[in-house]
Amino acid sequence: MNIFNTLATNISNIVNSFGVEPLPMQPLDWIGSAISWIFDLFSDFYGAVAIGVLVFTLCLKTLVLPLDIYSRVKTKKQSLLMERMRPQMEKLQKQYANDKNMYQQKVMELQKANGYNPLGACLPMIVSLIIFMVVFSSFSTYSNYATLVNYNEMVNAYNSSVEIYVRTDETEEDDNSRFLIGSDNNYAVDFGRFTAHYKAYYDEIHADDKDSEGNPAPKTFDVEEFNKKDENSKWEVVINYVQLNAREAVVRWYEQNKSATEFGWIGNMWYPDSMLNKKVPDFATFSSSAARALGSGSSATFEDDYNEVTFNLTEEKNTYNGYFVLIVLAIGLMFLQQFIMMRSQKAANELSSVDGSAAKTNKWMMILMPIIFGVFSFFYSAAFSVYMITNTLYGLISTLIINKIVTVRYANRDIMKPRNGKPSNKAKRLK
Numbered sequence: 000m001n002i003f004n005t006l007a008t009n010i011s012n013i014v015n016s017f018g019v020e021p022l023p024m025q026p027l028d029w030i031g032s033a034i035s036w037i038f039d040l041f042s043d044f045y046g047a048v049a050i051g052v053l054v055f056t057l058c059l060k061t062l063v064l065p066l067d068i069y070s071r072v073k074t075k076k077q078s079l080l081m082e083r084m085r086p087q088m089e090k091l092q093k094q095y096a097n098d099k100n101m102y103q104q105k106v107m108e109l110q111k112a113n114g115y116n117p118l119g120a121c122l123p124m125i126v127s128l129i130i131f132m133v134v135f136s137s138f139s140t141y142s143n144y145a146t147l148v149n150y151n152e153m154v155n156a157y158n159s160s161v162e163i164y165v166r167t168d169e170t171e172e173d174d175n176s177r178f179l180i181g182s183d184n185n186y187a188v189d190f191g192r193f194t195a196h197y198k199a200y201y202d203e204i205h206a207d208d209k210d211s212e213g214n215p216a217p218k219t220f221d222v223e224e225f226n227k228k229d230e231n232s233k234w235e236v237v238i239n240y241v242q243l244n245a246r247e248a249v250v251r252w253y254e255q256n257k258s259a260t261e262f263g264w265i266g267n268m269w270y271p272d273s274m275l276n277k278k279v280p281d282f283a284t285f286s287s288s289a290a291r292a293l294g295s296g297s298s299a300t301f302e303d304d305y306n307e308v309t310f311n312l313t314e315e316k317n318t319y320n321g322y323f324v325l326i327v328l329a330i331g332l333m334f335l336q337q338f339i340m341m342r343s344q345k346a347a348n349e350l351s352s353v354d355g356s357a358a359k360t361n362k363w364m365m366i367l368m369p370i371i372f373g374v375f376s377f378f379y380s381a382a383f384s385v386y387m388i389t390n391t392l393y394g395l396i397s398t399l400i401i402n403k404i405v406t407v408r409y410a411n412r413d414i415m416k417p418r419n420g421k422p423s424n425k426a427k428r429l430k
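The sequence shown maps to residues 0 to 430 in numbering that gives the first Met the number 0.
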C-alpha cells in the first residue's frame with residue numbers, strides 16, 4: 000500500500016511501503032494467447048491494437064470462409080428455388096388463407112417436390128455462430144487483460160522511479176551508499192546528499208517562474224532553511240520529492256506507449272469509442288475491467304494506489320475517449336448486411352407463412368440485431384467495434400460476390416421447374 004498520501008508520524012514504521020503493488024495476472028487461454036501473439040507483432044506501430052484486431056478478424060474470417068461460402072451458396076440457391084415456386088405458393092396462400100396448418104402442409108409438399116430444403120444452410124451457420132461466441136468471450140477476456148497489463152506497466156514505471164532513490168531490498172551486494180534513502184529498518188536519509196539532488200530538481204522546475212511584472216524570477220532551494228527543519232518536516236520534503244518523480248515516470252511511460260492503443264480520434268482502444276469514457280478511465284471504470292480480469296477470487300481494494308499512479312494524468316482523465324463513430328458505423332453496416340440478406344431471401348420471407356407474418360418477424364430481426372450489437376459496442380471496447388465492422392464488411396463483400404455468382408450461374412436456367420410433380424435431376428443437385 001502506498002504511503003505518500005499521508006506522512007507517517009513514526010518514521011520507523013514505513014519500511015518497505017514506498018512502492019505500489021502491481022495487480023495479479025490470470026493466465027490467458029490458448030485463444031487469448033493467440034490474440035496476444037498477433038497484437039505483439041504490431042506493438043511497435045501506431046494503432047497497434049486496431050491493426051491487431053483487423054489482422055485477427057481477417058485471419059478468423061478466412062479460416063471459417065469455407066463454411067460461410069457453403070452457407071451463403073445454399074441460401075442463395077434456396078432463394079432462387081423459392082422464387083420459381085412463387086406463383087404456386089401465392090396460389091396456396093389464397094387457397095388456404097384461413098387454414099395455416101393446411102397451408103404449411105401443402106407448402107412442405109411443394110418444397111419437397113422442387114428440391115427445396117429450408118434447413119440446408121443452417122448447420123454451417125450454427126458452427127459459425129458457435130465460433131463467434133467462443134471468440135467473443137476470449138476477446139472480451141483479453142480486452143480486460145490488456146487494461147490490467149497497461150496498469151501494471153505504469154506501476155512498474157512508478158516503482159522503478161522509487162527504486163532510484165529508495166533501497167527496497169537487503170541483499171548483501173548492496174549497501175546504502177548509492178541510495179538517498181537507505182533501508183536499515185528506519186529508512187535513514189542522507190539529508191546531505193538528498194539536498195544536493197533536491198536543489199537541482201527544485202531549480203529546474205522553477206526555472207521558468209515569473210515575478211508579478213512578468214520578468215524571470217528563478218527560485219533556489221534554500222539548503223540552510225531545510226537543515227533547520229525538524230526530522231518530520233524534512234521527511235515530508237523527501238517523500239514529496241520521491242513521489243513527484245515517480246508520478247512523472249508514469250507520465251513518461253504513458254507518452255512513450257500511448258500510440259499503440261490510440262487510433263485516430265480514439266485515445267484508448269480498450270475502452271468504448273464514447274464521450275462517456277475517458278482516455279484514462281476513473282477508478283470505477285478501471286476497477287470494473289480489472290475485476291473481470293482478476294476473477295471472483297480478488298477482493299482487495301487498490302483505489303488509493305490507482306489514483307496515485309495516475310495522479311499526473313489529469314488531462315487524459317478528462318479527455319473524451321471517442322465520439323461514438325465506430326459504434327454508429329458498426330450499427331449502420333449491420334443494418335446494411337441485414338437488409339441485403341432480407342432482399343436475397345425476399346420470397347422465403349413473404350411465402351413461408353400464409354399471412355406474411357414471417358416477413359414481419361424478419362423485419363424486426365433486421366432492426367433488433369444491429370441494435371444488440373450496437374449495445375455490445377457501447378459497453379465493450381473500441382477494439383470490439385473494429386472487430387464487428389471488419390467482420391460485417393467481410394461478410395457483406397463475400398455475400399454480394401457469392402450472390403452474384405450463383406445468380407448468374409443459375410437464374411437463367413430452367414432447372415428448378417418440377418417435372419410431373421418431381422424435381423429434375425439438376426434441381427436435386429441444388430439441395
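We put the CB at the ideal spot given by N, CA and C, even for glycine.
Comparing C-alpha distances from residue 161 to each of 304, 243 and 377 shows the shortest one belongs to 243. Between residue 91 and residue 385, the C-beta spacing is not below 8 Å. Cβ contact annotation for residue 281 (same chain, cutoff 7 Å, sequence separation greater than five): 316, in chain order.
At least 8 Å separates the beta-carbon of residue 376 from that of residue 368. Below 8 Å, too few C-beta pairs join the region 142-150 and the region 233-249 to call them touching: fewer than three. Approximately 22 Å separates the beta-carbon atoms of residue 365 and residue 323; this is outside 8 Å, ruling out the contact.
Here residue 374 is exposed: its Cβ has fewer than 16 other Cβ atoms, across all protein chains shown, within 10 Å. Residues 137, 140, 141 and 144 of the same chain have their beta carbon placed closer than 8 Å to that of residue 31, with the five preceding and five following residues left out of the count.
Residue 319: not part of any alpha helix (DSSP H); DSSP gives it neither H nor E.
Assignment of residue 209 by DSSP, reduced to helix, strand and coil, places it in the strand class. Rounded to the nearest whole angstrom, the CA to CA distance from residue 273 to residue 59 is 27 Å. Residue 37: member of the alpha helix (DSSP H) spanning 29-40, first to last residue. Excluding its 5 nearest sequence neighbours in each direction, residue 259 has C-beta neighbours in its own chain below 7 Å: 42, 47 and 48, listed in chain order.
Note on geometry: alpha-carbon atoms of residue 380 and residue 270 lie some 4 Å from one another. Annotation: residue 380 is outside any alpha helix (DSSP H) and is labelled neither H nor E by DSSP. Inclusion of residue 254 and residue 19 in the CB contact set at 8 Å is not warranted, their separation being larger than that value. When beta bridges are read from the DSSP output, residue 277 appears opposite 319.
The DSSP-derived three-state label of residue 193 is helix. Distances from the CA of residue 402 to each of 44, 61 and 69 were compared; the closest alpha carbon is that of 69.
For residue 81, the enclosing alpha helix (DSSP H) covers residues 64-94.
A straight-line Cα-Cα distance of about 11 Å links residue 130 and residue 66. No Cβ-Cβ contact shorter than 8 Å links residue 147 with residue 341.
Close CB contacts of residue 127 within its chain, under the 6 Å cut and outside five residues either way in sequence, are with 63 and 66 (chain order). Each residue's CA atom was taken as its position, placing residue 330 and residue 378 some 14 Å apart. Excluding its 5 nearest sequence neighbours in each direction, residue 44 has C-beta neighbours in its own chain below 7 Å: 50, listed in chain order. The C-beta distance from residue 310 to residue 251 rounds to 14 Å, too long to fall under 8 Å, and the pair is not in contact. C-alpha of residue 157 to C-alpha of residue 256: approximately 15 Å in a straight line. Inclusion of residue 72 and residue 153 in the CB contact set at 8 Å is not warranted, their separation being larger than that value. For residue 238, the enclosing alpha helix (DSSP H) starts and ends at 230-260. Between residue 102 and residue 80, the beta carbon gap of about 18 Å keeps them out of contact (Cβ cut-off 8 Å). Inter-residue distance for residue 291 and residue 194 is about 45 Å (C-alpha atoms, whole angstroms).
With distances taken between CA atoms, residue 321 lies nearest to 275 out of 275, 202 and 110.
If you ignore the 5 residues before and after residue 222, its C-beta comes within less than 6 Å of the C-beta of 194, all in its own chain and listed in chain order. Judged by DSSP secondary structure, residue 105 falls within the alpha helix (DSSP H) whose first and last residues are 99-112.
Apart from the 5 residues on each side of it in sequence, residue 278 sits with its Cβ closer than 6 Å to the Cβ of 266, 267, 315, 318 and 320 in its chain, given in chain order.
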